[in-house]
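A.B. asks: Going by the working numbering, 550 is the number at position 180 of the sequence shown; the sequence numbering is gapless. Note that CB positions come from ideal geometry on N, CA and C, so glycine has one too. My structure is below; once you've seen it, I'll send some questions.
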Amino acid sequence: MKNNFFKGHGLGNDYIALDPAKLSFKLTPRIIRKLCDRNWGIGSDGILALSPSAKADFGLRIYNPDGSEAEKSGNGLRIFGCYLYHTRQTRKKHFTVQTKGGLVEIHLEVKEHGYVGGATVDMGKAVFQPIALPCTLRVPELIQQPVKVAGQSLRFTGVSVGNPHCVVYAKRDKQWTRQDLLEIGPGLENHTIFPKRINVQLAVPLGPNTISIFIWERGAGETQASGSSACAAASAGVRLGLVKSPVRVKSPGGILDITVDSQYNITMKGPVMEVARGEISSAFIHTL
C-alpha cells in the first residue's frame, strides 16, 4: 500500500519510519517539517527513511524535524529495527544497517508475545577529536575545550559517535537543571565554533557507573532521550575518569545502558516500543 507509516519511541524519543519508495510524494525538507509537526502533522522527533545499501542488510537515512539530515541516532536505530521486524521486512533478530554515520549492528529483543521490546546496537567507535578546532592543529586526543555561551564560561568535550556531540560535565557539587538546558542548549548548538551545529549533553556523574544527562539535539531541540547522546556522554565520562564502563545513563525519558571497551567501541542497550501504524491521508497529501 502507498503512503503507509510506522511510529515508535525509545524512552519518549519518537520517530516516524517509512519507505520512501512507497510514497506518492518526495521527502523534501518542507514536507518533513510538516509530517513531524505535532499540531499540523503526525508529530515526531524525526523521520527514519528506509534506503538501499550495498554494504549492509538495510540502509537508513535520518531526518530531523527541521528538515535537516542526521548522521546517526541510537534511539532511531532501535525504532528502525522494530519497524523492520514488525512490518516483516526481516524475520532476523540480528542484522546490519548502513547510516551516514557508519555501519551498525542491531540485535533485537523479541518478547514472549512476539513484539520487539528492546534492542542492543553496536554503535561504533567514539572519537575524541576537538571538532571545534581547525583540523590542521595537532592537539592531545581529548581536551576539555573552553567556550562561552549564555553568559557562562564552560568547558566541553568534543565527541563523535558517527555524529557530533558537545558534552559538558558539571563542575563539582553542581547539578544541571532543565532551565540550564533551555539557556545553554540553543547557544551551543548554533555557536560559531560549530559551523555545522552540534548535539549537546549536560552531564553529571551520579556514581562510579552512573551519569545523568539533559539533551539538546541538533535540529530537534530538547528531547527526552537520545541514544547517541547517551553514548557520547558515557564515552566522555569514561575518558575523563569520571565513571567506569558499563555506564548507566539516566535521562528525563529513562535509562540506557552503555558499554565502552578499552578502544572506545560502544554498545547501547535500551527499550523500544511500536506506537502506531497508519496511512497518510489523501487530504493531507493534497496540502503538501
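(1) What residue range does the beta strand (DSSP E) around Pro534 cover?
(2) Please report the distance separating the alpha-carbon of Asn635 from that of Ser596.
(3) Express the C-alpha separation of Val519 and Ile401 in angstroms, rounding to a whole number.
(4) Quickly, what does DSSP pair Tyr385 with across the bridge? List them, please.
(5) Among the candidates Glu441, Arg609, Lys377, whose CA atom is the shortest distance from the CA of Leu405?
(6) Quick one: what's got a C-beta closer than 6 angstroms to Cys505's C-beta in the same chain, skipping five residues either side?
(7) Which of helix, strand or coil does DSSP assign to Val517?
(8) Name the DSSP beta bridge partners of Asn569, please?
(9) Can you tell me the Cα-Cα spacing of Asn383 and Gly437, whole angstroms?
(10) Reducing DSSP to helix, strand and coil, say where Gly446 ends up.
(11) Quick check: the Cα distance between Gln468 and His477, rounded to an integer number of angstroms?
(12) Around the C-beta of Asn434, are 16 or more other C-beta atoms found within 10 angstroms, so that it is buried, or is it exposed?
(13) Check whether the Cβ atoms of Leu418 and Ala391 lie closer than 8 angstroms to each other.
(14) Report yes if the C-beta distance between Arg448 and Gly640 is below 8 angstroms; otherwise report no.
(15) Smallest Cα separation from Pro578: which of Pro534, Leu524, Ala604?
(16) Kindly identify the DSSP beta-bridge partner or partners of Asp627.
(17) Which residues share a DSSP beta bridge with Glu482?
(18) Of all the options Gly444, Arg542, Gln522, Val491, which has the alpha carbon lying nearest to the alpha carbon of Thr466?
(19) Under 7 angstroms Cβ to Cβ from Val537, same chain only, skipping five residues before and after it: list those, please.
(20) Relative to the C-alpha of Met643, which residue among Lys495, Pro399, Gly380 is closest?
(21) Using the three-state DSSP reduction, which class does Lys404 fall into: helix, strand or coil?
(22) Given a threshold of 16 other Cβ atoms within 10 Å of its Cβ, counted over all protein chains shown, does Ser523 qualify as buried or as exposed?
(23) Measuring alpha carbon to alpha carbon, tell me which residue in Ile412, Gln459, Met493 is nearest Gly648.
(24) Mind checking which residues open and close the alpha helix (DSSP H) that includes Gly591?
(25) Comparing alpha-carbon positions, which option in Pro622, Ser615, His561, Gly611 lies nearest Glu592?
C.D. replies: In short:
(1) 534 to 539
(2) Answer to the nearest angstrom: the Cα atoms are 18 angstroms apart.
(3) 33 angstroms
(4) Answer is Gly378, bridged to Tyr385.
(5) Lys377
(6) Note on Cys505: pLDDT 42, under 50, position unreliable in the model; the coordinate value appears next. Closer than 6 angstroms at the Cβ level, and outside the excluded window around Cys505, lies no residue.
(7) Val517 falls in the strand class under three-state DSSP.
(8) His535
(9) If I take the Cα positions, the gap works out to 17 angstroms.
(10) helix
(11) 15 angstroms
(12) buried
(13) No. Outside cutoff.
(14) Result yes, Cβ atoms of Arg448 and Gly640 sit closer than 8 angstroms.
(15) Ala604
(16) Arg618, Lys639
(17) For Glu482, which the question treats as bridged, DSSP gives no partner whatsoever.
(18) Val491
(19) Phe526, Thr527, Val529, Gln571, Ala573, Ala602, Ala603, Ala606
(20) Distances from the CA of Met643 to each of Lys495, Pro399, Gly380 were compared; the closest alpha carbon is that of Gly380.
(21) helix
(22) With fewer than 16 other Cβ atoms inside 10 Å of its own Cβ, Ser523 counts as exposed.
(23) Ile412
(24) Counting along the chain, Gly591 falls outside any alpha helix (DSSP H), though it belongs to the beta strand (DSSP E) covering 591 to 593.
(25) Pro622
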